[in-house]
Amino acid sequence: MKSAVWMLLLCMVAAKVSGYHILGVFPVPSRSHNHLAKGIVDSLLKAGHQVTWVTPYPYDNKNKNLKLVPVGTKVIADALDMTNLNNINQGVNVAKEFARNITTMTANTPAVREAVVKTQYDAVVTEWFFSEIDAGYAAVQQAPWILLGGTVYNSFLERLVDEVRSVPTVPFLMNSAPIPMNLWQRLVNTFFHCMITVTDWLEYLSTCERYNAYFSSLAAARGVPLPPLSEATNNVSILLVNSHPSFAPAQPVPPNVINVAGYHIPEDIPPLPKDLQDLLDSSKHGVVYFSMGSVLKSAALPEHIRRGLIQVLGELPYTVLWKFEEEITGLPKNVHVRPWMPQPSILAHPNVKLFITHGGLLSTMESLQYGIPLLAIPMFGDQPGNAERAIRNGYARKIKYGDDVADQLRVELKEMLNNDRYYKRAKYLSRLFRNRPVPPSKLISHYVELAIETKGAHHLRSPSRQYAWYARWMLDQAALLLVALYLVYRLARALLSLCCGKYKQKIKRN
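Numbering (my numbering), first residue to last: 8 to 517.
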């Protein structure tokens with residue numbers, strides 16, 4: 008018995024020394040999502056683990072423990088138009104269709120299938136992007152499933168690890184309502200949650216068909232049974248959430264939900280290119296940085312909006328850095344355009360006074376990391392909600408995208424650049440955001456290792472996932488109580504009828 012224990016301990020020590028082998032499936036063709044994936048991969052590599060990374064982007068990293076498995080999902084993003092999403096329902100439908108195309112292409116990529124079949128991994132890490140079906144990779148591997156939530160904690164993620172409790176108090180992922188919500192806003196929030204839940208129920212059979220089509224042959228090739236989709240998606244070992252109470256509402260979560268917001272931001276800030284460094288250093292009045300992220304291209308802006316923005320930015324006494332994918336002629340002297348900008352390094356510069364952004368979550372976090380106020384122009388997805396949270400936290404304002412966006416920009420720039428309360432509030436929230444006992448990147452490797460060593464971190468999971476939905480809502484207890492009350496009612500009525508009948512017979516005899 009003692010020898011068996013010693014052998015087990017030696018195996019665990021050997022695995023710890025040589026590192027675990029981890030499969031990371033991150034096929035979403037977006038630079039911001041790729042930054043999230045890169046942060047996970049770098050954290051695991053730094054901890055000494057081997058990583059096989061499914062990705063649509065190249066990565067110039069010579070680490071011998073990293074293997075890239077390319078997927079061609081970028082062609083899906085190239086055909087996507089994100090500029091005309093006018094409501095929550097439309098945004099969810101587009102995102103779901105986008106996700107279906109990504110999962111289909113990824114699961115049918117020969118190199119991905121070969122990597123899943125021929126290699127045994129100690130854990131599988133995937134990113135949630137309306138892609139619960141990716142649970143199949145961990146199911147086929149019979150390995151712990153670590154899920155990354157690239158958004159703040161929301162009902163989509165909540166339902167995978169716990170009972171959904173947030174609907175009455177926290178706005179839906181794509182709902183920009185404030186907190187606290189009034190009665191009408193809570194009704195709207197509940198309506199959208201119920202609508203999407205019902206839609207998922209209606210789509211469940213087709214989702215199961217896709218799941219079986221993707222993964223049944225992989226499971227057969229590995230000689231393992233493929234669990235049902237419901238069982239596979241109910242097996243999240245660790246949920247890494249891109250959130251933090253400094254900017255997102257605090258919520259009760261089970262212990263396997265870990266806040267890691269900001270983990271993608273390098274602890275050591277990369278130096279700026281010399282020309283940018285000189286430009287920012289010489290900006291005596293300060294710098295305004297303008298970027299609409301990686302999905303929405305500034306070059307896609309209509310010409311009249313583009314010219315209006317250039318005119319407004321040219322009126323500023325500040326240096327303006329604008330991430331713009333095309334060369335623009337006739338720019339004002341203070342406006343500098345580049346197709347790519349080292350965003351964290353720019354935001355870390357002490358002369359930067361304001362960040363004009365689409366309101367993406369990574370940009371929001373990077374502004375908090377360095378204490379830079381935001382002027383948001385939210386377009387779709389979680390951006391309106393991110394902007395609303397930043398406004399509620401007192402360090403941002405927002406503009407509604409439209410033909411008059413330049414006029415709005417002029418008004419809001421004047422308000423924010425002439426009022427230091429936004430800057431002071433951003434610096435205060437930055438202290439909250441950075442005040443943590445452990446860097447978030449260290450938490451990632453720790454909890455991945457914990458999931459592997461405990462074979463799924465079952466001790467951290469919520470017990471609610473062991474009950475059916477009707478049991479979690481106590482509907483079975485309510486039904487039993489109603490049946491019992493009905494039986495008591497029928498019994499009381501029968502006794503009353505019996506007593507009344509005897510009483511009437513007695514009166515007749517008298």
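Glycine included, each C-beta is placed from N, C-alpha and C at the ideal position.
Query raised in the report: On the three-state DSSP scale, how would you describe A22?
Result: In this prediction, A22 has a pLDDT of 48, which is less than 50 and means its spatial position is unreliable; what the coordinates show is noted afterwards. Three-state result, A22: helix.
Report task. Determine the burial state of G46: buried for a count of at least 16 other Cβ atoms within 10 Å of its Cβ, exposed for fewer. Result -> buried
Query raised in the report: Given a threshold of 16 other Cβ atoms within 10 Å of its Cβ, counted over all protein chains shown, does D288 qualify as buried or as exposed?
Result: exposed
**Report entry** Through-space distance from P34 to F221, alpha-carbon basis
**Finding:** Looking at the sequence itself, residue 221 is Tyr, so the reference to Phe does not match. Between Y221 and P34, the C-alpha separation is close to 15 angstroms.
Requested in this report: Might you give, ordered along the chain, the residues of its own chain that have their beta carbon closer than 8 angstroms to the beta carbon of Y493, omitting 5 neighbours on each side?
Outcome: none
Query raised in the report: Span of the alpha helix (DSSP H) holding K281?
Result: K281 to D288
Report task. Taking the CB atoms as reference points, tell me whether K360 and V319 lie closer together than 9 angstroms. Result -> no
Query raised in the report: In terms of alpha-carbon separation, which member of H453, L286, K74 and L154 lies closest to S244?
Result: L154
Query raised in the report: Which full runs of the alpha helix (DSSP H) of 4+ residues lie inside the segment 214-291, going along the chain?
Result: 236-240 and 281-288
**Report entry** Alpha carbon of M481 to alpha carbon of L489, nearest angstrom
**Finding:** 12 angstroms
Query raised in the report: In the structure shown, what three-state DSSP assignment does R345 receive?
Result: strand
Query raised in the report: Going straight from the alpha carbon of F362 to that of D410, what length do you get?
Result: 21 angstroms
Query raised in the report: Which word fits L354, buried or exposed, when buried means at least 16 other C-beta atoms lie within 10 angstroms of its C-beta?
Result: buried
Query raised in the report: Helix, strand or coil: how does DSSP classify L17 here?
Result: Interpretation of L17 is limited by its pLDDT of 49, a score under 50 that renders its predicted location unreliable; the figure taken from the coordinates is listed afterwards. DSSP places L17 in helix when its eight states are reduced to three.
Query - C-beta atoms of P262 and A146 nearer than 9 angstroms - result: no
Query - Buried or exposed by the 16-neighbour rule on C-beta atoms within 10 Å, applied to H271 - result: buried
Query raised in the report: If you draw a straight line from the C-alpha of A307 to the C-alpha of R120, how long is it?
Result: 36 angstroms
**Report entry** Cβ-Cβ separation, P232 to A239 (assumed contact under 8 angstroms), whole Å
**Finding:** 11 angstroms between Cβ atoms; not a contact.
Requested in this report: For K330, write down the residues that DSSP places opposite it in a beta bridge.
Outcome: R345
Report task. Could you check the C-alpha separation between M348 and G230 for me, to the nearest Å? Result -> 48 angstroms
Report task. Buried or exposed for P391, please, with buried defined as at least 16 other CB atoms from any protein chain shown within 10 angstroms of its CB. Result -> buried
Query raised in the report: For T461, which residues of its own chain have a beta-carbon under 6 angstroms away from its beta-carbon, when the five flanking residues on both sides are left out?
Result: none
Query raised in the report: If A150 sits next to V131, beta carbons under 8 angstroms apart, how far is it from one beta carbon to the other, in whole angstroms?
Result: 5 angstroms
Query raised in the report: Taking buried to mean at least 16 other C-beta atoms within 10 Å of its own C-beta, is P277 buried or exposed?
Result: exposed
Query raised in the report: Taking only runs of the alpha helix (DSSP H) that begin and end inside the segment 428-499, which ones reach a length of at least 4 residues, in chain order?
Result: 428-441, 447-460 and 476-479
Query - Extent of the continuous alpha helix (DSSP H) run through H28 - result: No alpha helix (DSSP H) contains H28, which is instead part of the beta strand (DSSP E) from H28 to V32.
**Report entry** First and last residue of the uninterrupted alpha helix (DSSP H) at F199
**Finding:** L190 to L209
Query raised in the report: In three-state terms, what does DSSP make of L502?
Result: helix
**Report entry** Residues sharing a beta bridge with P77, DSSP
**Finding:** T62
Query raised in the report: Do G31 and G55 have their CB atoms nearer than 9 angstroms?
Result: no
Query - Residue closest to A142, alpha-carbon to alpha-carbon, out of N358, Q350 and S223 - result: S223
Report task. Specify the secondary structure class of Y144 as computed by DSSP and reduced to three states. Result -> helix
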